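Chemist: Numbering-wise (my numbering), the sequence shown opens with residue 605 and increments by one.
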Amino acid sequence: MLQPLLVGFMAALVPCGVAFGQQPIPAPVPEHYVACLPDDVATRGDWWPFYGTHVFILPGMRSPEQIRGGVGWPLLYKVYTSNSEDPARSWLSLRRVHDDRRVPHEPGTTKRTAGCWDDHGEEYPLLKGPDFYLDLEVPQGRFMLSLYFFEIDWIQYRAHTVTIFETAKGRDSPPLAAAKVDNYFNGKYKRFAISGPQNVTVKIARDASPNAVVSGVFFDYLFHPSLAPVEKLLASPPAAPPPTEKPNERLAKAAAEAKARHAKAVSPAATDAQIADYLAAEAHTFRTMRDAEEADPKFYYANAPKLVAETLARIAALQEARPTFKLAPKVLAIAYHGHRLMYDYAASDKLLGELSSALSLEARTGKDQVGALDALAGLATGCLTERGGQNIATAFNTLVTLFNQMLDAPNALDMTHQAALRALATNHPDLAVGALRQVRAKAGGKLPTKSRFLLGNALLVQGKFTEAAPELEATVDELPKGVKQTQGLLSLLSCYLGAKQDDKARAVYDRLAATNPGADVLAEARFRFAFAYLERGDKGNAEAEFKAILKQVPSGHIHEEAKNQLEALKAK
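#1: Count the C-beta pairs between the stretch 828 to 840 and the stretch 758 to 766 that are closer than 8 Å, then say yes if the count reaches three, no if not.
#2: On the DSSP letters alone, give me the boundaries of the alpha helix (DSSP H) that S960 sits inside.
#3: Could you check where the alpha helix (DSSP H) with F796 kicks off and where it finishes?
#4: Three-state secondary structure (DSSP) at H764?
#5: Candidates H1032, A1123, F1133, G1122: which alpha carbon is nearest A1233's?
#6: Among residues of its own chain, excluding the 5 on either side of A908, which ones have a beta-carbon nearer than 7 Å to its beta-carbon?
#7: So, helix, strand or coil for D786, using DSSP?
#8: Would you mind listing the alpha helix (DSSP H) stretches within the stretch 1124 to 1168 that are 4+ residues and don't spill past its ends, in chain order?
#9: With a Cβ-Cβ cutoff of 8 Å, do H658 and Y793 count as a contact?
#10: Touch check for the stretch 635 to 651 and the stretch 705 to 712: three-plus C-beta pairs under 8 Å?
#11: Going by beta-carbon coordinates alone, are E1082 and T1119 separated by less than 8 Å?
#12: Checking the sheet assignment: what are the DSSP bridge partners for S694?
#13: Less than 8 Å between the CB atoms is what I'm expecting for A1123 and Q1156, so what's the real figure, rounded?
#14: Express the C-alpha separation of V785 and A812 in angstroms, rounding to a whole number.
#15: Is the distance from the Cβ of L1063 to the Cβ of V1080 below 8 Å?
#16: Which residues bound the beta strand (DSSP E) around G820?
#17: For T647, which of helix, strand or coil comes out of DSSP?
#18: What residue from P678, E853, P933 has the CA that sits closest to K836's CA?
#19: Would you report the Cα separation of D643 and R795, rounded to the nearest angstrom?
#20: Please classify P619 as buried or exposed, where buried requires at least 16 other C-beta atoms within 10 Å of its C-beta.
#21: Kindly indicate which three-state DSSP category A858 falls into: helix, strand or coil?
#22: Rounding to the nearest angstrom, what Cα-Cα distance links E849 and Y905 in this structure?
#23: Could you tell me the alpha carbon to alpha carbon distance between G1092 and F1057, rounded to whole angstroms?
#24: Whole-angstrom Cβ separation of A925 and V870, contact assumed at under 8 Å?
#25: According to DSSP, simplified to helix, strand and coil, what is V1004?
#26: Using 10 angstroms around the beta-carbon of V817, count the other beta-carbons present and answer buried if the total reaches 16, otherwise exposed.
#27: On the DSSP bridge assignment, give the partners of S750 in chain order.
#28: Kindly identify the DSSP beta-bridge partner or partners of Y681.
#29: If you run the structure through DSSP and keep just helix, strand and coil, what is Q994?
#30: Between which two residues does the beta strand (DSSP E) carrying A662 extend?
#31: Am I right that W721 and R699 are in contact with their C-beta atoms under 8 Å? What's the rounded C-beta distance?
#32: Note down, in chain order, each residue of its chain lying with its Cβ closer than 7 Å to the Cβ of T1020, except the 5 sequence neighbours on either side.
#33: My output table needs one value for G674: the three-state DSSP class, helix, strand or coil.
#34: Does the stretch 735 to 746 touch the stretch 711 to 719, meaning 3 or more C-beta pairs lie closer than 8 Å?
#35: Tell me the rounded alpha-carbon separation between H764 and E861.
#36: Classify D1203: buried if its beta carbon has 16 or more other beta carbons within 10 angstroms, exposed otherwise.
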C-alpha cells in the first residue's frame, strides 16, 4: 500500500532531476555516439545493483526464454545469426552453480542460474561463423551498455570481436565501435557508452572460438558522479575560462597543468604546498571533465578512459614517492573519484571505506574538524544519490556518529538532516530514522520541525504508522502554510489510513478541503483512500473513491488514471 500512497510525498522529497527509485536522468543527447569503456572483471555474477538498473536481459535463464526487466522495460530487441535458417540459441546449463560467483544470480534472489545466447557455431567449420547478432532499440539518454561473458560448460578458450553498427546502415557500414573480449573464464563485462534514441546492431563474432556466446545485456544511465567530497576537500575555485574556449580545449589545458604540477609534487624537494597545488589541479581537471561531458559527450567518452588512467597513475606515483600522503583524505578523494568516473565498482568501494575512515579520523583529531565533517557529509550523500543507497551505510553511520559528538559545530544538525533526506529519497528510510533518532537523543529529545517531519515520513515509509503518527501530528501545524502544510496533511492522511483509522483520515481530508488546495490535491487524497481500500480487498469503497475522482477532476491525467483503475476493477 505504501508505494501508491506515498508517490506525492516522495516526489516532493527527491532532489530536482531525480525520480524516486531511479538514477538521475541526463538531458537528451543531440549527437549519437558509441565509445568503449574499461572492462569490469571484479563484479562477476553479482550484477545487481551495479548493472541493469534501467534494463536487464539474462539469456537462457528460462530456456528457451530469458529473464528480463528493469524500470525501462519493455525494450525492443532481436537476436539472430548470419544464417537465416539457423536462429540464435538459448542455452541453460544443468551444472550445480549455487556457489559459483561467475554465474549471474536471478533478480531479487541469491539463486544463480547459468545461461547464455549462442550462435550454434559448434556446428560450423572454424572461422566460419555464423556469429551472433543483437538488434537493440537504445532509449533516449546517455547509457552504459554492458555485455556479460563467462565460461560455464565448455571450458576452453574463447575470444570474440564485439562490433556495434547503426542498424539502418547495415552490417557492412563503418562500425560505431569495436572491441575484443577474451580471457573471460572468471567473468567479464564489456562496456560501452552509448546515446539514444537510436537503433544499433551488436555483432559478437565467433572468430576462432567454438561458438559466440553472451550471458547478460544491461542498460544503465550514465551520469557524472558527485564531486562533493573532492570539492569540499580541495576548495580551490576554478579560473573562469575565456569566452571562446571550448570545454575540450579547457580539459586539455587542465590535464597538462596537472601533469606539470605532478612533476614538482613527486620530486624529493617537494613541499606540502606544492603537493596541495598538484591535488587542486587534479580536482580542476575533474571539473573540466564534468563540463566536457555535459557539452560534448561524444568527445568526453572517447577520451575519458585515457585521461582518468593518467590521473590514477599520477596519484599512485605520488603515494609511492610520499608514503605519508598515501592515506591522506585529499589523495583518497581524487583516487575515489577517478575510479567512480570509470565505473570501477570494486576499487571505488574499497576507496570509499578508506576515505570514510580517513575523514572520520580527521574529524576527531584534525585541525579542520568541521571541514572534514562537511566532506564526509558530501561523501555519504553523494554515494546515496549515485548508487541508489548501496554500500554507504558505513560512511553514513560514521557521519551521524560524528555529528552526535559535535552538535555544537556549525551546520552539523543541518548536514545530518540533508543526509537523512537523501537516504529517504533513495528508499533507505532505516538510515534516515536511525540518523534522526540518534541526533534527537544527543540533543535532549528535541528536533527542529523540519527534521521531526522528516522522521515521521521515514517511519511512514517503513510502515510504522503508530510511531509515525505522533511525529506528524506534532509538526503539521508548524509547517509553513501552503504547499508544505498540504504535503504534511497528505502524509498524516496516509498514516491514518495505514493504521486503519479511517475516521481520523476523513477528518484530515475535510481539513485539507477547507484550505482550498485545488482539485488535483483533493483527487490525490482520494487516490490514497482508494488504494488503501484496494489493499484491504474492499473493492466497493475503492470503486466509490475512483468515481468521486472522475467527478472531481473532469479531464487530464488524474481523470484518466481513475478511469483506468475503474476499468481494471470491473475486469476483475
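Where a beta carbon is used, it is the ideal one built from N, C-alpha and C, also for glycine.
A quick note: this is a predicted structure, and the numbers were derived from the prediction, not measured.
Modeler: Reading off the structure:
#1: The answer is no - the stretch 758 to 766 does not touch the stretch 828 to 840, with fewer than three Cβ pairs under 8 Å.
#2: In the sequence shown, counting from the first residue as 1, residue 960 sits at position 356. Taken as a continuous stretch (DSSP letters only), the alpha helix (DSSP H) holding S960 covers 949 to 969.
#3: Working through the sequence shown from its first residue, we reach residue 796 at position 192. No alpha helix (DSSP H) contains F796, which is instead part of the beta strand (DSSP E) from 792 to 809.
#4: Position 160 of the sequence shown, counted from the start, is the residue given in the question as residue 764. Here H764 sits in strand by DSSP.
#5: Nothing about residue 1233 can be read from this structure; the chain reaches only from 605 to 1176.
#6: Taking the first residue of the sequence shown as position 1, residue 908 is located at position 304. Answer for A908: M893, L945, listed in chain order.
#7: Walking along the sequence shown from the start, residue 786 turns up at place 182. In the structure shown, D786 sits in a strand (DSSP, three-state: E or B).
#8: 1143 to 1156
#9: What you label residue 658 is simply residue 54 of the sequence shown in a count that begins at 1. What you label residue 793 is simply residue 189 of the sequence shown in a count that begins at 1. No, Cβ-Cβ distance for H658 and Y793 is not below 8 Å.
#10: yes
#11: Here residue 1082 corresponds to residue number 478 of the sequence shown, with the count starting at 1. Here residue 1119 corresponds to residue number 515 of the sequence shown, with the count starting at 1. No.
#12: As a working mapping, residue 694 is identified with position 90 in the sequence shown. Answer by DSSP bridge pairing, in chain order: W721.
#13: Within the sequence shown, residue 1123 is the residue found at index 519, counting from 1. Within the sequence shown, residue 1156 is the residue found at index 552, counting from 1. A1123 to Q1156, Cβ: 5 Å. Contact.
#14: Taking the sequence shown and counting its residues from 1, the one referred to as residue 812 is at position 208. Taking the sequence shown and counting its residues from 1, the one referred to as residue 785 is at position 181. Distance between the alpha carbons of A812 and V785: 13 Å.
#15: Residue numbering aside, residue 1063 sits at position 459 when the sequence shown is read from its first letter. Residue numbering aside, residue 1080 sits at position 476 when the sequence shown is read from its first letter. Result no, Cβ atoms of L1063 and V1080 do not sit closer than 8 Å.
#16: In the sequence shown, residue 820 corresponds to position 216, counting from 1. Boundaries of the beta strand (DSSP E) harbouring G820: 820 to 825, taken from the DSSP string.
#17: Here residue 647 corresponds to residue number 43 of the sequence shown, with the count starting at 1. Correct three-state label for T647: coil.
#18: The residue given as residue 836 occupies position 232 in the sequence shown. When only C-alpha atoms are compared, the closest one is P933.
#19: Residue 643 sits at position 39 when you count from the first residue of the sequence shown. Residue 795 sits at position 191 when you count from the first residue of the sequence shown. One C-alpha to the other measures close to 6 Å.
#20: Position 15 of the sequence shown, counted from the first residue, corresponds to residue 619. Low confidence applies to P619: its pLDDT is 30, below 50, so where it sits in the model is not reliable enough to give any reading.
#21: Looking up residue 858 in the sequence shown gives position 254. A858 falls in the helix class under three-state DSSP.
#22: Along the sequence shown, one-based indexing puts residue 849 at 245. Along the sequence shown, one-based indexing puts residue 905 at 301. The straight-line gap from Cα to Cα measures roughly 20 Å.
#23: Stepping through the sequence shown from its first residue, residue 1092 is reached at position 488. Stepping through the sequence shown from its first residue, residue 1057 is reached at position 453. If you take the alpha carbons of G1092 and F1057, they lie about 8 Å apart.
#24: As a position in the sequence shown, residue 925 is number 321, starting the count at 1. As a position in the sequence shown, residue 870 is number 266, starting the count at 1. Indeed, because the Cβ distance is near 4 Å, the residues count as touching under 8 Å.
#25: By 1-based counting over the sequence shown, the position of residue 1004 is 400. Here V1004 sits in helix by DSSP.
#26: The residue given as residue 817 occupies position 213 in the sequence shown. That one is buried.
#27: In the sequence shown, the residue the question calls residue 750 occupies position 146. DSSP, once it has assigned bridges, lists R795, F822 as partnering S750.
#28: Indexing the sequence shown from 1 puts residue 681 at position 77. Answer is L740.
#29: Indexing the sequence shown from 1 puts residue 994 at position 390. Note that Q994 scores a pLDDT of 48, beneath 50, so its modelled location is shaky; the value from the coordinates is reported in the next line. It is coil, neither helix nor strand.
#30: Locating residue 662 in the sequence shown gives position 58, where the first residue counts as 1. Correcting the residue identity first, residue 662 is Leu in this sequence and not Ala. Start and end: 659 to 666.
#31: If you number the sequence shown from 1, residue 721 lands on position 117. If you number the sequence shown from 1, residue 699 lands on position 95. The pair is not a contact, with the Cβ atoms about 18 Å apart (cut-off 8 Å).
#32: Numbered from 1 along the sequence shown, position 416 holds the residue referred to as residue 1020. Within the same chain, T1020 has close Cβ partners V1004, F1007, A1039, V1043.
#33: If you number the sequence shown from 1, residue 674 lands on position 70. It is coil, neither helix nor strand.
#34: Using a C-beta cut-off of 8 Å, the stretch 711 to 719 makes no contact with the stretch 735 to 746, since fewer than three inter-stretch Cβ pairs fall below that distance.
#35: Reading the sequence shown from its first residue, position 160 is the one you call residue 764. Reading the sequence shown from its first residue, position 257 is the one you call residue 861. Their Cα atoms are separated by approximately 39 Å.
#36: The first residue shown for the chain is 605 and the last is 1176, placing residue 1203 beyond what the model contains.
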